[in-house]
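Some notes on the structure that comes next.
Numbering (the working numbering), first residue to last: 1 to 203.
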């Protein structure tokens, strides 16, 4: 079921967060670069557009009045006023969050533990998880520390575990505990056979 209402970063009962300094730094850098690129792109478009309008206006004033000096003064005054107004009233740059981590393969490609990492939620995680239910997200948050795969792998596992629990419910309602039990068993086995953990905690 799709999730329409905004929701915050899921929290684990033990308060754990991933502490990979290198990956954390890369996420912060991606966020900064996305906002800077967007801001510079918007500023340059406005600058060239405004410059073109002022140039045309200057030509019209110069030809109409026969006084090129006055046209230059008017254009310079309007340019200064326009820059000041734009600087004071420029809206915050709009960034497509789902594209912020493209260089890292997107939010779904992060190690599973980054499901509970606040900066990841500024970099497209809410949009990536838009179709994940609150129950699935809560179960994934409980498993993310031990899961050796990516966020995408973890979400797929929880969805599969939910489908499995429904198939074997024998007419009874499926609870979060039922789904967690199936997903936890699979995560434990996966972690046991995984060649190396994808997320290493650093002290």
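The C-beta atom is built at its ideal place from N, Cα and C for all residues, glycine as well. Computed from a prediction, not measured in an experiment: that's the story for all the values here.
- Item | Separation of residue 194 from residue 131, as counted between CA atoms | Spanning the two alpha carbons is a distance of roughly 28 Å.
- Message: Tell me which residues share the same chain as residue 155 and place their Cβ nearer than 8 Å to its Cβ, disregarding the 5 neighbours each side in the sequence.
- Response: Setting aside the 5 residues that flank it on each side, residue 155 is surrounded in the same chain by 108, 129, 132, 136, 140, each with a C-beta closer than 8 Å to its C-beta; the list follows chain order.
- Query: Is it buried or exposed for residue 150, if we count other Cβ within 10 angstroms and need 16 for buried?
  - Reply: Residue 150 should be labelled buried.
- Query: To the nearest whole angstrom, what separates the beta carbons of residue 117 and residue 17, a pair I think is in contact under 8 Å?
  - Reply: Between residue 17 and residue 117 the Cβ distance is about 6 Å, and since that is below 8 Å, they are a contact.
- Message: Between the alpha carbons of residue 192 and residue 152, how many angstroms are there, rounded?
- Response: Straight through space, the alpha carbons of residue 152 and residue 192 are spaced by roughly 19 Å.
- residue 7: first and last residue of the uninterrupted alpha helix (DSSP H) it sits in: Residue 7 -> no alpha helix (DSSP H), and no H or E assigned at all.
- Item | Residue(s) in a DSSP beta bridge with residue 150 | DSSP lists 111 as the beta-bridge partner residues of residue 150.
- What are the start and end residues of the alpha helix (DSSP H) that includes residue 137? First-last of the alpha helix (DSSP H) with residue 137: 134-143.
- Query: Would DSSP call residue 194 helix, strand or coil?
  - Reply: Residue state, collapsed to three classes: coil.
- Message: I'd like to check one pair, residue 10 with residue 115: are the Cβ atoms closer than 8 Å?
- Response: Taking 8 Å as the Cβ cut-off, residue 115 and residue 10 qualify as a contacting pair.
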